[in-house]
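For reference, the structure discussed in these notes is given below.
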Amino acid sequence: MKTKVLMVCLGNICRSPLAEGILQSKVDPDKVLVDSAGTAGYHVGNPPDQRSIAVAQKYGLNIQDQKCRKFSKKDFLEFDHIYVMDRSNFSDVASLASDQKEAAKVKLLLTEVELGHIEVPDPYYGGDDGFENVYQMIDTACEAIAKKLN
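Residue numbers for the sequence shown follow the UniProt record's numbering, beginning at 1 and rising by one.
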C-alpha cells in the first residue's frame, strides 16, 4: 500500500506545487503518492504560478501540468500525512478535522528540519528571489521527509 502525502498552502499555486514536485522527485513513486492543494479556492483548475514553474525547471523539475485544487475534508481520509506551509494554513486545515486522529496528520512542513523558522513564507507578492528561497526551504524539508518514507 502506498503512503500518501499532501502538501498544502493558501492558493496551491506557489509553495505546495513546489513541495509536491520536489518530494515526488525524491521518493519511489511505487511506494509514495504526493499531491497538493490550497486552503482557498482562488485558482482551482489553474497551473502553478509561472515563477514556481521557472524555479522548479531551474532544478530539473517539471510542475507545469499540475492543476490547483482546494483542500477538502475527504483529504483526511485519503492522505496519511498532510504538510502545511504556515500557521494560517495549519489552522485552516486542522479546523476541518473530524477527530484527533485526523488532526494529528497535519504538520508544518518545516518542523521536519532545523532551519531556525517554522513557516515557509508566501513568495507570491515578492520577487524571484523569494521563489528561490522558498524552493531551498522546501527542498531541505522534503529531503528529510523522503528519508523517512523511502
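Ideal Cβ positions, reconstructed from N, Cα and C, are used throughout, including at glycine.
Just so it is clear, the structure is predicted and the values come from calculations on it, not from any experiment.
Legend entry - Exposure of TYR42, with buried meaning 16 or more beta-carbon neighbours within 10 Å: Here residue 42 refers to the residue found at position 42 when the sequence shown is read from its first residue. Exposed, since its Cβ has fewer than 16 Cβ neighbours within 10 Å.
Legend entry - Same chain, Cβ closer than 6 Å to ASP49, neighbours up to 5 away in sequence not counted: Here residue 49 is taken as the residue at index 49 of the sequence shown, counted from 1. Answer for ASP49: ILE13, CYS14, listed in chain order.
Inset, instruction - State the start and end residues of the unbroken beta strand (DSSP E) segment that holds THR3. - result: Sequence index remark: in the sequence shown, residue 3 carries index 3 (1-based). Here the beta strand (DSSP E) through THR3 covers 3–9.
Legend entry - Minimum Cβ-Cβ distance from GLU78 to chain C less than 8 Å: The chain inventory of the structure shown lacks chain C, comprising one protein chain alone.
Inset, instruction - Taking LYS26 as the reference, give the member of LEU61, VAL106, GLY130 with the closest Cα. - result: As a first step, residue 26 is located in the sequence shown; it is residue number 26 there, counting from the start. The option with the nearest alpha carbon to LYS26 is LEU61.
Inset, instruction - Out of SER52, PRO17, GLY38, state which residue places its alpha-carbon closest to the alpha-carbon of GLU132. - result: Locating residue 132 in the sequence shown gives position 132, where the first residue counts as 1. Of SER52, PRO17, GLY38, the residue nearest in Cα terms is SER52.
Inset, instruction - Could you tell me which residues DSSP pairs with HIS81 in its beta bridges? - result: As a first step, residue 81 must be located in the sequence shown, where it is residue number 81. Looking at the DSSP assignment, HIS81 forms a beta bridge with VAL5.
Inset, instruction - Look at the alpha carbon of residue 190 and the alpha carbon of LEU18, and state the distance between them as a whole number of angstroms. - result: Nothing can be reported for residue 190: it is not among the residues displayed for the chain, which extend from 1 to 150.
Legend entry - Three CB pairs or more closer than 8 Å across the region 129–147 and the region 97–106: no
Legend entry - Cβ-Cβ distance between CYS142 and LEU23 below 8 Å: Locating residue 142 in the sequence shown gives position 142, counting from the first residue. Locating residue 23 in the sequence shown gives position 23, counting from the first residue. Yes, the Cβ-Cβ distance between CYS142 and LEU23 is below 8 Å.
Legend entry - Pair within 8 Å by beta-carbon distance, TYR59 and TYR135: Here residue 59 refers to the residue found at position 59 when the sequence shown is read from its first residue. Here residue 135 refers to the residue found at position 135 when the sequence shown is read from its first residue. Contact flag set, yes.
Legend entry - Three-state secondary structure (DSSP) of SER36: As a working mapping, residue 36 is identified with position 36 in the sequence shown. The answer is strand: DSSP assigns SER36 an E or B state.
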